[in-house]
Amino acid sequence: MTVSADPLELGYSFCPNDTFIFYALSHGKVNTPTPIHELLEDVQTLNDWAGVARLPITKISYRAYFSVMKDYVALRSGGALGRGVGPLIVARGEQGDLNGKTVASPGALTTAELLLKIVYPGVRVVRMRYDAIMPAVERGEVDAGLIIHESRFTYHTHGLSKLLDLGAWWEGETGLPLPLGAILVRRDLPTDMQQALQAAVRASLEYAWQHPHEPKAYIRQHALEMSDDVMQAHIDLYVNEFSLDVGEEGERAVRELYRRAVEAGAVEASELPLFVEEG
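Sequential numbering from -17 applies to the sequence shown in the numbering used here.
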């Protein structure tokens, strides 16, 4: 394998599940096939950057991945899939059918918005940063909000109630875990580099599980106003066996979400492989 003298840029979010997974990799605790320079950004920014193939390795929502498959392929490790992890629709009170009503969304290329539009194809979407959604719903600027990340643990503090758990809806429809976020590498990287990066991400997560207290200061540094309990609950919920390896069930879930995205007209069908081949 040819190792570049210039570091590869790795983009991931400020969320505790990402900083937990990538702590060891970004702090030189595990071997990497080439030097890595991390860039932390919100998920919507990472989705936008992937649209122009800016980063060689990046966290992204699965919905956004389906739109950039010509440039990227997903690693089997480091992603977020699971049960009981889905986005929630919240409001100040009962809203009934949301078709024709305004719902705040964290982004056009989020898995959350894809699910929202599958369930309510006639909804009117207003997009904003994920951390601005609950205050907007609380102020009555929109009828409901689509919340992700740690917001699922704190919406009660804004006087909001849950209208629908889109993850539970997905699981009821398919019997499969919900794919939320993936780690992608550019398809123009050599296959052995893709596989080595996949191994490095897996080793980074294994290190974090073996040394759970070591990453805490790094996670806290990027966790904004999140309490320690919410921070840990976030990690416990979003980092699981699918994060170590997507596995056969996780692959089926991703393929089903992709099929439904194509069926809904959100993306075009492609014959490209969804995941890096195993070494």
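No residue lacks a Cβ here, since even glycine has one placed at the ideal position from N, Cα and C.
Treat the numbers as computed from the prediction; the structure is a model and nothing was measured.
Proximity to residue 124 across 103, 136, 86, 220 peaks at 86, based on C-alpha coordinates. Annotation for residue 216: the continuous alpha helix (DSSP H) segment containing it runs 210 to 220. The alpha-carbon of residue 151 is positioned some 13 Å away from that of residue 239.
If you look at residue 126, you'll find it isn't in any alpha helix (DSSP H); it sits in the beta strand (DSSP E) that goes 126 to 129. Comparing alpha-carbon positions, the option among 35, 211, 122, 244 lying closest to residue 166 turns out to be 35. Looking at the DSSP output, residue 167 shares a beta bridge with 39, 55. Within the segment -14 to 27, the complete alpha helix (DSSP H) runs of at least 4 residues fall at -2 to 8.
Residue nearest to residue 3 within the set 186, 99, 78, 192 is 186 (criterion: CA-CA distance). Taking the C-beta atoms as reference points, residue 92 is found no nearer than 8 Å to residue 49. Rounded to the nearest angstrom, the gap between the Cα atoms of residue 206 and residue -4 is 9 Å. Per DSSP, the beta-bridge partners of residue 108 are 86. DSSP places residue 162 in the strand class (E or B) of the three-state scheme. Under DSSP, no beta-bridge partner is assigned to residue 98. DSSP lists 73 as the bridge partner or partners of residue 143.
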